[in-house]
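K.L.:
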Amino acid sequence: MISPDIFQNIMTIYDENNSIICLKVIFYYFTKIGFSSILFFKSVRLFSYLYLSKLSLKMAEIIGNDFPQSLFGTENSDNILGFGGNDTIDGLGGNDLLFGNTGLDQINGNQGDDTISGGKDDDLILGGIGNDFLRGDLDRDTIRGEDGNDFLFGGRGEDELFGDSGSDTLSGDRGIDTITGGSGGDVFVLVQNGEGPDILTDFNGADDFMQLPGGITFDNVLIQANGNQSTISIVSTGELLAILNNVSPSQISSNNFISGTSSPTAPTTIDPGNSPGDALNIGVLNGTVTSNEFVGNTDTKDYYRFGVASPINFSLYLDGLGADANVNLYQDSNNNGVIDSNESSIDYSSQGGTASESITRNLGIGNYFVLVQPASQGSNTNYTLRLVNETSEAVNIGVLGGTRTFNEFVGRNDPVDYYRFSLNSPRTFTLSLDGLSADANVNLYQDSNDNGVIDSNESSIDYSSQGGTNSESITRNLGIGNYFVLIESGSESSNTNYNLTLSA
Numbered sequence: 001m002i003s004p005d006i007f008q009n010i011m012t013i014y015d016e017n018n019s020i021i022c023l024k025v026i027f028y029y030f031t032k033i034g035f036s037s038i039l040f041f042k043s044v045r046l047f048s049y050l051y052l053s054k055l056s057l058k059m060a061e062i063i064g065n066d067f068p069q070s071l072f073g074t075e076n077s078d079n080i081l082g083f084g085g086n087d088t089i090d091g092l093g094g095n096d097l098l099f100g101n102t103g104l105d106q107i108n109g110n111q112g113d114d115t116i117s118g119g120k121d122d123d124l125i126l127g128g129i130g131n132d133f134l135r136g137d138l139d140r141d142t143i144r145g146e147d148g149n150d151f152l153f154g155g156r157g158e159d160e161l162f163g164d165s166g167s168d169t170l171s172g173d174r175g176i177d178t179i180t181g182g183s184g185g186d187v188f189v190l191v192q193n194g195e196g197p198d199i200l201t202d203f204n205g206a207d208d209f210m211q212l213p214g215g216i217t218f219d220n221v222l223i224q225a226n227g228n229q230s231t232i233s234i235v236s237t238g239e240l241l242a243i244l245n246n247v248s249p250s251q252i253s254s255n256n257f258i259s260g261t262s263s264p265t266a267p268t269t270i271d272p273g274n275s276p277g278d279a280l281n282i283g284v285l286n287g288t289v290t291s292n293e294f295v296g297n298t299d300t301k302d303y304y305r306f307g308v309a310s311p312i313n314f315s316l317y318l319d320g321l322g323a324d325a326n327v328n329l330y331q332d333s334n335n336n337g338v339i340d341s342n343e344s345s346i347d348y349s350s351q352g353g354t355a356s357e358s359i360t361r362n363l364g365i366g367n368y369f370v371l372v373q374p375a376s377q378g379s380n381t382n383y384t385l386r387l388v389n390e391t392s393e394a395v396n397i398g399v400l401g402g403t404r405t406f407n408e409f410v411g412r413n414d415p416v417d418y419y420r421f422s423l424n425s426p427r428t429f430t431l432s433l434d435g436l437s438a439d440a441n442v443n444l445y446q447d448s449n450d451n452g453v454i455d456s457n458e459s460s461i462d463y464s465s466q467g468g469t470n471s472e473s474i475t476r477n478l479g480i481g482n483y484f485v486l487i488e489s490g491s492e493s494s495n496t497n498y499n500l501t502l503s504a
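In case it helps, UniProt numbering puts the sequence shown at residues 1 to 504.
(1) Any chance the stretch 295-305 sits against the stretch 341-356, with 3 or more Cβ pairs inside 8 Å?
(2) What does the alpha-carbon distance come out to for the pair Y29 and L152?
(3) Among the residues of its own chain, which have a CB less than 7 Å from the CB of V453, if the five just before and after it don't count?
(4) Going by C-alpha distance, which of F409, D455, P426, L431 is nearest S489?
(5) Sorted by chain position, which residues of the same chain lie with C-beta nearer than 6 Å to G307's C-beta, five sequence neighbours on each side aside?
(6) Could you tell me whether the stretch 275-283 touches the stretch 242-261, where touching means 3 or more Cβ pairs closer than 8 Å?
(7) Using CA coordinates, which residue listed in I461, S425, N407, T475 is at the minimum distance from N497?
(8) Mind checking who G481 pairs with in its DSSP beta bridge?
(9) Taking the alpha-carbon of D66 as reference, which of G85, L161, I80 has the nearest alpha-carbon?
(10) Would you decide whether S56 is buried or exposed? Buried here means 16 or more other CB atoms lie within 10 Å of its CB.
(11) According to the neighbour-count rule (16 or more other Cβ atoms, all chains shown, within 10 Å of its Cβ), is T31 buried or exposed?
(12) Can you tell me which of S350, A355, F162 puts its alpha carbon nearest to the alpha carbon of D319?
(13) Buried or exposed: where does T475 fall if 16 or more other Cβ atoms within 10 Å of its Cβ makes it buried?
(14) Quick check: the Cα distance between L500 and Q111, rounded to an integer number of angstroms?
(15) Check this for me: beta carbons of Y418 and V295, under 8 Å apart or not?
(16) Under the assumption that D198 contacts A242 (Cβ atoms under 8 Å), give the Cβ distance between them as a whole number of angstroms.
(17) Beta carbon of F429: closer than 7 Å to some heavy atom of the ligand HEM?
(18) Could you tell me the boundaries of the beta strand (DSSP E) in which S392 lies?
(19) Write down the C-beta distance between V289 and N101 rounded to the nearest angstrom, noting that I regard them as a contact closer than 8 Å.
(20) Reducing DSSP to helix, strand and coil, say where S349 ends up.
(21) Which same chain residues, not among the five before or five after S350, have their C-beta less than 6 Å away from its C-beta?
(22) Exposed or buried, what is I480 when buried is set at 16 or more other beta-carbons lying within 10 Å of its beta-carbon?
(23) Who are the Cβ neighbours of P426 in its own chain at under 6 Å, not counting the five residues just before and after it?
(24) Pull up the DSSP beta-bridge partners for I80, would you.
(25) Bridge partners for G398 per DSSP, in chain order?
(26) Is the Cβ of P276 closer than 8 Å to any Cβ of chain D?
(27) Contact defined as beta carbons within less than 8 Å: I believe N477 pairs with T428. What is the distance between those atoms, to the nearest angstrom?
(28) List the endpoints of the continuous beta strand (DSSP E) containing D319.
(29) Run through DSSP, which three-state label would P272 get?
(30) So, at 6 Å on beta carbons, what are the nonlocal neighbours of N246 in its own chain, with the 5 sequence-adjacent residues on each side left out?
(31) Considering I374, what are the terminal residues of the beta strand (DSSP E) in which it resides?
(32) Are the stretch 113-122 and the stretch 134-154 in contact at 8 Å, needing three or more beta carbon pairs?
(33) Determine the DSSP secondary structure at Q331, reduced to helix, strand or coil.
(34) How close, in whole Å, do the beta carbons of L161 and I176 come, if the pair is a contact with beta carbons under 8 Å?
(35) Which value, in whole angstroms, describes the spacing of the CA atoms of V416 and E75?
(36) Which partner residues of D462 appear in the DSSP bridge assignment?
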């Protein structure tokens, strides 16, 4: 016996006139041999799967769920959003927009000029044929451009980037990344404050270029030999930008460098709706979800919906604004999928002008809505919205014994870092935060009820806020229990690497 209503995802197919011609509902069920699925088609125009190939299709919009899935597009331009689970996503033909979200995903653009974003966890991203934009986002990703002139962007974590054939642009971004351009004349983007040098395995001075960070010129860099490698660093700070394998300094000249910026435009997700009923459903919020969108005269409201499976420390960031926009957070207290007249905003941010908006608070189990809207008529702006489950993002140290050291970054794009540890006996605890190039502060919390989050009644038990680039430190006796360390940038414009040392 099966239960065909345990979980589902929906694929909507549009024709060339933007009319819905097929609604495919995939029901998942459990059998004696594991997890399986069954397909149902609902349409007045579609009577068999084979008939699908005879129609003039415009696109498919596919929204997954939190289970592992195989999601396939059409030969046209599709939007596919994987959400949770270890998904396999294939865009097939067309210029597709593919987003893995959480889980160990394998994403293949296949044919067409595709935009792919891996999201959280270790993903494998393949561009296929065409000029693709490929972004790993969080954790350790493997990204291959394959055929075409592609843009590869590693994001946070130690990634492997392969341009393969074509003239590609490759940016490791944060972390110590290993980058291979492949055939063709490629551009390797060097990143300042990127948490370590990138390793360029096949730089060829005859065909390839290195793009310097904004404000840095050839006169500002130092090129040195290190065995069979060359290193490139900034003279004024000593920061190491890149290590070039099998290249000597004599093979590098000013002709191998170009100027520019290293931050690409991020891909957007499927368009959020203009009402709660049409909200973009994120599913259970795990890690970080990012959306790059627009609000203004022609699109006055963007709604997002997400769920919380256990109490979390939640953060919301709205930035990249070109005009004034505000954000509100609602709880769907009766779980009916809409914002009722008696469900007022539980939190909001309205800073004015182009200042970034943010919300930080605890959320209990339930469903929530986020509303982004322009502050007034005539305020037209792109924006970047990030929803963060800080509890799932916290670095779990476990039982702290001896000394642990971490090298990380906080700033505009990552304003807070959480660390969690426990003590199984009373100890003298010491914390030091140094190596700062901008202001950052530190707070220590005790998880007094051992629920894995910082509750609203759990205030900081100690902190350090010296200002500027001064080091921060905490020393105090701690009892048996669980604790959180919070590192946060001193202001919106404070971007800094840091060295955190914890001892007990």
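A virtual CB, placed ideally from N, CA and C, is assigned to each residue, including glycine. For clarity, every value in this text was computed on a predicted model and none was experimentally measured.
P.N.:
With the structure as the only source:
(1) no
(2) Reliability of the predicted coordinates at Y29 is poor, the pLDDT of 33 falling under 50, and no value is obtained from them.
(3) P311, I312, N313, N362, T391
(4) F409
(5) In its chain, beyond the 5 residues on either side, V284, N367 have a beta carbon closer than 6 Å to the beta carbon of G307.
(6) In short, these stretches do not touch, since the Cβ pair count stays below three.
(7) N407
(8) In the DSSP assignment, G481 forms a beta bridge with L423.
(9) G85
(10) Reliability fails at S56, whose pLDDT of 42 lies under 50, so the model's placement of it is uncertain and the value that follows must be treated cautiously. With fewer than 16 Cβ atoms within 10 Å of its Cβ, S56 is classed as exposed.
(11) Because T31 sits at a pLDDT of 34, beneath the cut-off of 50, its placement in the model cannot be relied upon, and the following sentence gives the value as read from the coordinates. Counting other Cβ atoms within 10 Å of its Cβ, T31 stays below 16 and is therefore classed as exposed.
(12) A355
(13) exposed
(14) One C-alpha to the other measures close to 45 Å.
(15) no
(16) 5 Å
(17) This structure lacks the ligand HEM, and indeed carries no ligand of any kind.
(18) S392 -> not in any beta strand (DSSP E); alpha helix (DSSP H) instead, spanning 390-393.
(19) 7 Å
(20) strand
(21) Contacts found: N326.
(22) exposed
(23) G479
(24) I62, L98
(25) F421
(26) The structure shown contains no chain D, having only a single protein chain.
(27) 6 Å
(28) 312-319
(29) coil
(30) Contacts found: N228.
(31) The amino acid occupying residue 374 in the given sequence is Pro; Ile does not appear at that position. That run of the beta strand (DSSP E) goes 366-374.
(32) yes
(33) Secondary structure at Q331: strand, using DSSP grouped into helix, strand and coil.
(34) With 8 Å as the limit, L161 and I176 do not qualify as a contact, their Cβ atoms being about 12 Å apart.
(35) 42 Å
(36) L444.
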